[in-house]
Every structure is written in structure tokens, then in C-alpha cells.
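What follows is a short report on a single structure.
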Amino acid sequence: MFKLKKIMSLITIGILCTSILTGCNKTTNENGSLYVYNVGDYIDESLITKFEEETGIKVLYETYDTNEMMYQKVKSKSTNYDVVFPSDYMVEKMKNEKLLKQINFNNIPNLKYIDKSFLNPIYDKENKYSVPYMWGTFGILYNKKMVKEPVDSWDILWNPKYKSNIMMFDSVRDTMGIALKKLGYSMNSTNPKEIEEAKKLLMKQKDLVLAYVNDEGKDRLLGEEVAMGIIYSGDAVTLMGENPNLDYAIPKEGTNKWVDSMCIPITSKHKEEAEKFIDFLLDPENAKINAEYIGYSTPNTAALKLLDKEIVNDPVAYPSQEDLAKTETFIDIGSDIKIYDKAWIELKCK
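Quick note on numbering: UniProt numbering labels position 181 of the sequence shown as 181, and the sequence is numbered without any gaps.
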């Protein structure tokens, strides 16, 4: 469910070696090494260089496309990653499966800059395994030239007027979550009857949907090929900056508030270096640089004070408390995901 400004292709030739890298997994130096596994284009890489220069710790950096791809790699223990960036529900899943190390927060004094509303989250209630990195929502990005009526409800995605002009996420939890919210249920429902009802609602919508997409949908929205689509708020900010005909809405029924975190996987052999890196990214100036580059919302209160007021006052990037009160964070639903998967297969095979 990663919420990305732009996703790079997975590097399939092993650990990516660029100018910021100094070798592969066998590389060491007197101050240690650090193996970072992150989503493509989800950090300002100048910060990696800065971290290396300040600490003498060599960073080896590799990217992945999805939470699930990262999870499988960590679970296999085939590579000794030190820092990973899972989303909320994946933090909980990895914690429950003992794939994460507890963080020594004595080594992360900059945690004081994280907004308290992001601490002790539902997916890490004792705040032992994760540090918030970026956050946002998902909602409807629409073209104001094509859509003249108010966009304030998920209902518009079922309006026959927009047949073949709607794009939905090709994601079981996100898209099923939209249907569940439209029906007044929780996005984390494990009630088979509610999930079946959501599936049937999506089946009614399917003839109206041009395509189920992921990252590729952004270019089509930007190019005005469709009237509306589902998008993450950070991407909405970027696209709206490039095309003034686009606007973003959080439906009144509510939506998902996601949080991506920094964690130390069980594979880590450089835990103290990992904690230094996490603390470095929480430094207000570094967090500000990172937020400007990525385009997503920062949970760092000190960094917010350094950001341009136009960014901080943008309700797309930083929604009102009224809008946030209607949001939910995805949690790991364990084996109940099989109910979703079954419904999703039936929908896609219709």
C-alpha cells in the first residue's frame, strides 16, 4: 500500500551500487556499515551522502516496490538489512511474526520532534518497534473540467455518468476499504457478511471502471485521460502542482490514514548504526529536506516549522482535524485476509 511520489523499478541484480554506495554486503569500515532497504525514490539521496560524511558509516542502499516484497525478503533472512520502511499494517505483521528488533530509543533523542499523535499507534501500541517516517491519506483525484458536481462522497465512483472515466486501485485492501467505507463499515472489517457486501458493491461498479491501476494511473490522470481516480495524497499534491485542472477530495464517509515507519528487522547486524540513521532522519533540517523531496506529509513538528507555509497550509497534504477524525489506519488482520483475497479474485474474474 505504499504511498509514493513515483515508484522506481525493483533492482533485480542484487544490492544497488551507485555513487552513494561503496560495495556489497561484505563491505566494512572502521565506523561500520549500514544496509538500508527502502521503497524507490522514498528518500532524498543527498541525505545518505550527508549521513556518511557526518558519521563515517557506509550506507548500502537497495529498493523495493511493495510491503509484501520487503516482507518476503526479510522473512527469508537472505540479506542482513538494518533499516526497512514498512507501512502501518506491515509493521504489525512483522512485529507479530518476530521479524523486528526492539528499538533502543535512548539512541534516538530526536524522537522528541515526532507529533505525539503518531506515537503508540494501533499497529505498535507500546511504541517499541517503529518510528514514524511519512504519512498521508488516499482519496479521489478528479479533473474539474470533466467533473462539475461536488466531489464529497465515495458515491460518485458509482455514478453511471462517468462510465469508463473512473480508475480504481489495483489493491485488495484499498479498494475493498473504499466499498466498506461507502457501506458504513470499518476498513479493517473481518466480518464475512460485510466483506461479501463490499464485493457485491464493487461488482456493480465494475462496468463503470476503465481500469484497476497502481502507479501507472498517475500519468493518465495527469494527462486528462480520465475524469477521476484513486490516489495517495502526496501524489495528489505533486500532480495538482503540474496540472491546475486537478483537485483532491477526502470523501465524507472517511478514508485511510496511512503511516510509513522506520524499523530495524531481525536480520540487522548493525543495530546501533541503524538507530543513528533513524535519529539522523528525524533531525528537523534533514526531515524538512526529505519532506520537500518526497512530497509527502511529515510527522515531525520541528520540520513543519521549517517548511514553506504554503505546503503546511495545504489541506491535501495536511488535512483538517475534522477530516482526520473520519480516517482509519489499516491493521494486520492476520488469516482473515484470505476472506478479502477470495472476494478480490471473484471480483477481478467476473
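For glycine and all other residues, C-beta sits at the position ideal for the given N, C-alpha and C.
Every beta strand (DSSP E) stretch that sits fully inside the segment 210-260 and reaches 3 residues is listed by chain position as 228-232, 246-249. When secondary structure is reduced to three states using DSSP, residue 89 falls in the helix class. Around the beta carbon of residue 46, fewer than 16 other beta carbons sit within 10 angstroms, so the residue counts as exposed. With a beta-carbon spacing of about 24 Å, residue 66 and residue 250 fall beyond the 8 Å limit used to define contacts. At the C-beta level, residue 327 and residue 252 stay beyond 7 Å of one another. A distance of 7 Å or more separates the beta carbons of residue 163 and residue 221.
With contacts defined by Cβ atoms closer than 7 Å, residue 34 and residue 270 form a contacting pair.
Rounded to whole angstroms, residue 190 and residue 95 show a C-alpha spacing of 20 Å. In this structure, residue 276 and residue 55 form a Cβ contact; the two beta carbons are roughly 6 Å apart against a cut-off of 8 Å.
With 16 or more other Cβ atoms from the protein chains shown falling within 10 Å of its own Cβ, residue 205 counts as buried.
DSSP places residue 132 inside the beta strand (DSSP E), whose first and last residues are 131-143. Residue pairing of residue 297 in beta bridges, as defined by DSSP: 135. DSSP places residue 33 in the strand class (E or B) of the three-state scheme. Counting only runs of 4+ residues, the alpha helix (DSSP H) found wholly inside the segment 38-82 occupies 45-55, 67-76, in chain order.
Per the Cβ contact rule, the segment 146-159 is not in contact with the segment 284-304 (fewer than 3 Cβ pairs under 8 Å). The Cβ atoms of residue 274 and residue 82 sit closer than 7 Å to each other. The C-beta distance from residue 296 to residue 234 rounds to 4 Å, short enough to meet the 8 Å contact threshold. For the pair residue 230 and residue 139, the Cα-to-Cα distance works out to about 6 Å.
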